[in-house]
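The sequence shown begins at 1 in this note's numbering and counts up one residue at a time.
We treat Cβ as the ideally placed atom computed from N, Cα and C, and that holds for glycine.
Please read these numbers as outputs of a predicted model, since none were measured by experiment.
Have a look at the structure below, then the notes.
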Amino acid sequence: MPTPPGTSHATNAFSWRFVAPLLTGSAINAINSSLIATALVPIAAAVHVPVGRTAMLVSALYLASAVAQPMGGKLAEEFGPRRVFLVGVLIVLAGGTVGGVGQNLTGLVVARVLIGVGSSAVYPSAMLLIRRRAAAAGLDAPPGGVLGSLMIAGAATSALGLPLGGALVDAWGWRTTFFINLPFALLALAMAFFWIPSDLPVEGPRTLREVAARLDLAGIVGFGGAMAALLVFLMGLPHPDWIALGLAVLAGAGLVWWELRASRPFFDVRLLGTNPALTRTYLRFALAGLCVYTVLYGLTQWLQAGRGLSSEKAGLLLLPMSALSALLVRPISQRNLVRMPLVVAAVSCLAASAGVFALTTSTPIAWVVVITLVFGITLGTTISANQTALYTQVAADQIGTAAGLFRTFGFLGSIASSALISIVFHTQVNDHRLHVIALIMVIVSVLGLIIVVTDGKIMTQSLARHDPALVRRDDPPAGHRRRPDRDESVPAGSDGDTDPRRAGAGTQTSGSRQRPDGEKSL
């Protein structure tokens, strides 16, 4: 079998021991984004609140994740990705426990915030760990197989939350939608502790003021405030809260003003301005996310209200979509393909959105499945190609924050889809209103297609390659130091073995184990 472009024997650096905890941890956030949906009604009855108020449990995780994704990346860059990964999983354990024993809505909201914050630290930390190990192994292209697996775990599994939640609630009650996080988090924690090599010691500022400046806490607060106000406005539609929108605009303007002057900005506005390719990647992902999440939740509501299906059956109908997207991600990522998958994603999204026009309450279920499968093509191609593009568009020391923002833009797409569904289905769920949603999705899909085909850089790029200037740095990442016996080209925090035959095998440090010579790699 021919070797995919850009790969080498250094891919042995990514053993199953190194990759397994990253995949397990990354799946937690994706599944939790939809897991709670089937538990809202029984939760409302148990804590004696109207069903409408339980929507806070959905928006709480959205908000926490949107803010915490780039924050987790920033912390990983400054203090070490393994440390942040472990802390994040511990926070998930706390959230699952608090929610499982919660007695009121406030406690459950706190639990969802904890789960959102903790699980959001995992993905950007994983991306930084992968980037540093790839640099240590001397890879000249992204480790596509690993990135593909990470994206399957971190995004393509989101549709599993609906049927999983339905099965758990039916079998053991709503509390299991919180307790289910405990075994997965414990497994990820144990594997990460023993199998991921320790970060190098953190050096640098020690006082609270110095640490705050290093992390740009003011920027984090401003970003969080702007996102929170925007979420309040969007989730309140079709009854707009203009005060919330005004606060979002003011907070956003203040954030831009501050970040342009910050020495170490949390939300690097200049990066978005000077790196239009990265900005387009974020925008493509957000637009595709809007359409996919609209199908995930809007079509589910229509199937329940218009077709009389149970929430569990409606969720099961979407499993083929999730399975197909997962099947597509890995081969595309392994070959580091960018141009063709993005074109396919844009065209399939437009075709599937147009297909929603044909759906009525009398349409055979088989046709509903066919349309969702086309959206599965959109999901699988867009997440793999855009993540590969992101990996090559930012410097190694910025991959954590950039990866976090990537997921944040995905959450913005999902939040916008929730607002769209709330507006259109506000008073009634029927075929006509579903077709209104389809029209909006067609418009969004056309915009996404235009962004792809007018992007000269993407249309001339077939495979993703590293820009050497983005991989190698003269200085180690902030807060880390190089060990004198390490090659200067090895990023701090990696294993430090530059021999391609042993890259990523791990050093005998605390919290890590040496990889056996015969261990199978992914």
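Spatially closest choice to residue i from the options, by CA coordinates
i: LEU160; options: LEU309, ALA30, THR363; result: ALA30
i: MET191; options: VAL221, ASP268, PHE85; result: PHE85
i: VAL202; options: ALA141, ARG82, PRO265; result: ARG82
i: TRP174; options: ILE36, PHE285, ASP216; result: ILE36
i: GLY138; options: VAL41, ARG270, ALA13, VAL122; result: ALA13
i: ARG132; options: PRO197, LEU108, LEU187, SER414; result: PRO197
i: GLN387; options: PHE266, THR454, ALA286; result: ALA286
i: MET151; options: GLN398, LYS457, LEU390; result: LEU390
i: GLY236; options: THR378, VAL221, ILE421, GLY315; result: ILE421
i: LYS313; options: SER33, PHE267, PRO163; result: PRO163
i: ALA97; options: ALA136, PHE184, ALA126, LEU22; result: Looking at the sequence provided, one finds Thr at residue 97 rather than Ala. The candidate whose alpha carbon is nearest that of THR97 is PHE184.
i: TRP523; options: GLY289, SER34, GLY222; result: Beyond the ends of the chain as shown, which are 1 and 522, falls residue 523; an answer cannot be given.
i: GLY219; options: SER348, TYR123, ARG264, ALA277; result: ARG264
i: VAL69; options: ALA326, GLY80, SER120; result: It is worth fixing the name first, because residue 69 is Gln in this sequence and not Val. Comparing Cα-Cα distances from GLN69 to each of ALA326, GLY80, SER120, the minimum goes to SER120.
i: ILE443; options: CYS349, GLY376, GLY456, TYR62; result: CYS349
i: LEU278; options: LEU309, LEU328, ALA385; result: ALA385
i: VAL58; options: ALA45, ALA94, LEU108; result: LEU108
i: GLY225; options: LEU208, GLY252, GLY116; result: GLY252
i: ILE43; options: GLY145, GLY165, GLU77, GLY80; result: GLY165
i: SER333; options: ALA248, ARG53, ALA244, PRO143; result: PRO143
i: GLY100; options: ALA60, ASN181, VAL117; result: ASN181
i: GLY118; options: GLY376, GLY25, LEU299; result: GLY25
i: THR427; options: TYR297, HIS239, THR300, ALA395; result: HIS239
i: LEU296; options: LEU449, ILE437, ASP140; result: ILE437
i: TRP302; options: LEU250, THR360, GLU259, LEU316; result: THR360
i: LEU552; options: THR106, LEU105, LEU189; result: Shown here, the chain extends from 1 to 522; a query on residue 552 therefore has no answer.
Counted within 10 angstroms of its Cβ, other Cβ atoms place residue i as buried (16 or more) or exposed
i: TRP172; result: exposed
i: GLY72; result: buried
i: ALA419; result: buried
i: SER15; result: buried
i: SER65; result: buried
i: VAL19; result: buried
i: PHE409; result: buried
i: ARG330; result: buried
i: ARG17; result: buried
i: GLN103; result: exposed
i: GLY493; result: With a pLDDT of 38 at GLY493, under the threshold of 50, the modelled position of this residue cannot be trusted; read the value that follows with caution. Buried, by the Cβ-count rule.
i: PRO50; result: exposed
i: ALA346; result: buried
i: TRP195; result: buried
i: LEU272; result: exposed
i: ALA111; result: buried
i: MET321; result: buried
i: PRO21; result: buried
i: SER325; result: buried
i: GLU77; result: buried
i: ALA212; result: exposed
i: THR38; result: buried
i: VAL169; result: buried
i: ASP497; result: Annotation note: pLDDT 41 at ASP497 (below 50); position unreliable, coordinate value reported separately. Burial call: buried.
i: PRO364; result: exposed
i: PRO484; result: Caution is warranted here: a pLDDT of 38 is assigned to PRO484, below 50, making its placement in the model unreliable, and no coordinate value can be reported.
Limits of the alpha helix (DSSP H) - the one that residue i falls within
i: ILE586; result: Because residue 586 is not part of the residues shown, which for the chain are 1 to 522, the question remains open.
i: ASP431; result: 431-453
i: THR415; result: Contrary to the premise, residue 415 reads as Ile rather than Thr in this sequence. It spans 399-424 - the alpha helix (DSSP H) in which ILE415 sits, taken as one unbroken run.
i: GLN428; result: From DSSP, GLN428 is part of no alpha helix (DSSP H); its letter is neither H nor E.
i: THR300; result: 300-307
i: LEU278; result: 276-293
i: VAL101; result: Taken as a continuous stretch (DSSP letters only), VAL101 belongs to no alpha helix (DSSP H), as it is neither H nor E.
i: ALA251; result: 242-259
i: SER125; result: 122-137
i: PHE223; result: 217-236
Contact test: residue i Cβ vs the ligand SAM heavy atom, cutoff 6 Å
i: ASP216; result: Although the ligand SAM was asked about, the structure shown includes no ligands whatsoever.
Whole alpha helix (DSSP H) elements within the stretch 43-98, 4-residue minimum
If you keep only unbroken alpha helix (DSSP H) runs of at least 4 residues inside the stretch 43-98, you get 55-79.
Which runs of the alpha helix (DSSP H) at least 4 residues long sit entirely within the stretch 148-209? Give them in chain order.
Whole alpha helix (DSSP H) segments, 4+ residues: 161-172, 176-179, 181-195.
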